[in-house]
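Take a look at the structure below.
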Amino acid sequence: MAKIKKYTTKTGKIRYEFQVYVGVDSLTGRQKTTRRRGFKTRKEASIVLSRLELEIEKRGLQEDERRFFRDVCAEWMEQYRLTVRESTLEETQRIIRVHVLPAFGDMLIDQVTPNVCQKVVNKWFLEAKSYKKWLNYASMIFDYALRAEYVGRNPCTLVTMPRIQEQAGEKLENFWTRDELNTFFDYMTPKRDVEQFTMFRVLAYSGIRKGELLALTWKDIDFEGSTLRVNKTLTQELGGKLIVQPPKSRAGRRTIDLDDSTMRYLRQWKGVQHETFLGMGFNTNNTSQLVFASNRNHFRSMNTPTKWLNKAIKVTGLKHISIHGFRHTHASLLYQSGVGLKETQQRLGHSRADSSVTLDVYTHTTEQQNVAALQSFEDYVEANN
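Just so you know, we're using this note's numbering here: the sequence shown kicks off at 18 and counts up by one.
Listed below in structure tokens is the structure:
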């Protein structure tokens, strides 16, 4: 008879666990047990233990080939952690702990049917917009089980995705037109705030990501060659700690050509930064100096650009976009100015896997140009009538 034990977590919380015998390992001949932990109450642990013991009694002692989803998930996680950043791993572990394991954890993985998955997805759909991401992680675990020959198929692949009904009215796109961007910079000038202006100028005229922007050092700015080098990004862990990491993909490492005006503004900001920080006791005359730094000469908060942008939008009355919207704006205006799709993807650091982001913006821009072309055709045909 399995016993339920109480233990204390690293954070001082009381939790309960148990270990139960489930059969014999077919490869080693050794007895095999499965462990469950993390239960908030003894009663909760007792309920799950009773289910497992009932399953064993109904089916007999299980040999190694029959595994619970929770155990397979743990196997998969050991491999997954070697392929992603620490910040990504923490977010994945949170999603699996909060959403995926409560749905599938105590099921035998080879007994999870497409119908079971469909019911889970339907429930998730009503809970949050992130349901597709949760299903994706569950599917990754089933794919691992398929490769390991624990299951004969991935039931997640047969799920029909629920669809949100489109609301009446036009969907607001997350980028600005050329006129809207110019309106923004009519307000956001160097005289108003040279650092804020320079930050948004770099975002709009380079298309780099927020994390790439906040990780920039003056070593990354080549004033002679008029280029900006992207070789790192700032990310925030779940605990709030800011860390610098390499770009997510090889395509993310890139050198971007900048226009003369943007380079001039960067040079101007570098001089202002040096004088300002020198007065606060910091010597910024070194290549490792952050281009955009806090008053303590540390990384700017990841929320700072958003706060500055939202304030400017409120004053100007412009359509709301996110900081990432500057990246979409850059892609859209590149296309309108005649730059090709491939060149735009290279400039943005898009790999093939995420090129759909560029294509989405291109599709919208093309639709606008198609309308303009149709109007020009009509005007030409009817000019003499």
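Even for Gly, the Cβ is constructed at its ideal location relative to N, Cα and C. These numbers come from a predicted model, not from an experiment.
In the structure shown, Val-308 falls within a coil segment according to DSSP collapsed to helix, strand and coil.
Per DSSP, the unbroken beta strand (DSSP E) holding Leu-259 starts and ends at 259–262.
In terms of Cβ geometry, Pro-172 and Gln-285 do not form a close pair [threshold 8 Å]. By the neighbour-count criterion, in which 16 or more other beta carbons inside 10 Å mark a residue as buried, Gly-334 falls on the exposed side. Bridge partners of Arg-317 according to DSSP: none are assigned. Sequence-distant partners of Gln-253 (beyond 5 residues in either direction) whose C-beta falls short of 6 Å from its own C-beta, in its chain, are Leu-259 and Met-319.
Boundaries for Phe-343: no beta strand (DSSP E) harbours it, while the alpha helix (DSSP H) harbouring it runs 341–353, taken from the DSSP string. Here Tyr-148 is not bridged, per DSSP, to any residue. Assignment of alpha helix (DSSP H) within the stretch 46–121, counting only whole runs of 4 or more residues, yields 59–76, 86–97, 103–112 and 118–121 in chain order. By the Cβ rule, the stretch 209–216 does not count as touching the stretch 356–369, because fewer than three pairs are nearer than 8 Å. Judged by pairs of C-beta atoms under 8 Å, the stretch 134–145 does not touch the stretch 85–97, as fewer than three such pairs exist.
In the three-state scheme derived from DSSP, where H, G and I count as helix and E and B as strand, Phe-192 is classed as coil.
Sixteen is the threshold: when 16 or more other Cβ atoms of the shown chains lie within 10 Å of the Cβ of Pro-264, as they do, the residue is buried. Look at Ile-273 here: in three-state DSSP terms it is strand.
Take the alpha-carbon of Tyr-24 and the one of Ser-63: they are about 15 Å apart. In the same chain as Arg-226, and ignoring 5 residues on each side of it, the C-beta atoms closer than 7 Å to its own belong to Thr-250 and Arg-344, in chain order.
With a cutoff of 8 Å on beta-carbon distance, Pro-131 and Leu-175 are scored as near each other. Cα atoms of Phe-202 and Glu-107: separation of roughly 38 Å, rounded to the nearest angstrom. Judged by DSSP secondary structure, Tyr-24 falls within the beta strand (DSSP E) whose first and last residues are 21–25.
It is roughly 52 Å from the alpha-carbon of Ala-232 to the alpha-carbon of Gln-48. Along the length of the stretch 200–267, whole alpha helix (DSSP H) runs at least 4 residues long occupy 211–223 and 227–231, reported in chain order.
The beta carbons of Phe-159 and Asp-123 sit about 16 Å from each other, so the pair does not count as a contact at 8 Å. With at least 16 other beta carbons inside 10 angstroms of its own, Ser-349 counts as buried. The DSSP-derived three-state label of Val-39 is strand. Burial is judged here by how many other beta carbons sit within 10 angstroms of a residue's own beta carbon; Gln-290 has at least 16 and is buried. Looking at the DSSP output, Ile-330 sits in no beta bridge, so it has no partner there. Following the DSSP letters along the chain, one finds Lys-359 inside the alpha helix (DSSP H) bounded by residues 358–365. Beta bridge pairing from DSSP links Tyr-33 with Lys-23 and Phe-56.
At a Cβ-Cβ threshold of 8 Å, Glu-34 and Arg-54 count as neighbours. Ranked by Cα distance from Leu-326, the first of Gln-262, Tyr-204, Asn-302 and Thr-272 is Tyr-204. Excluding its 5 nearest sequence neighbours in each direction, Ala-120 has C-beta neighbours in its own chain below 7 Å: Val-137, listed in chain order.
In terms of CA proximity to Ser-311, Phe-294 leads the group Ile-238, Phe-294, Ser-305 and Asn-303.
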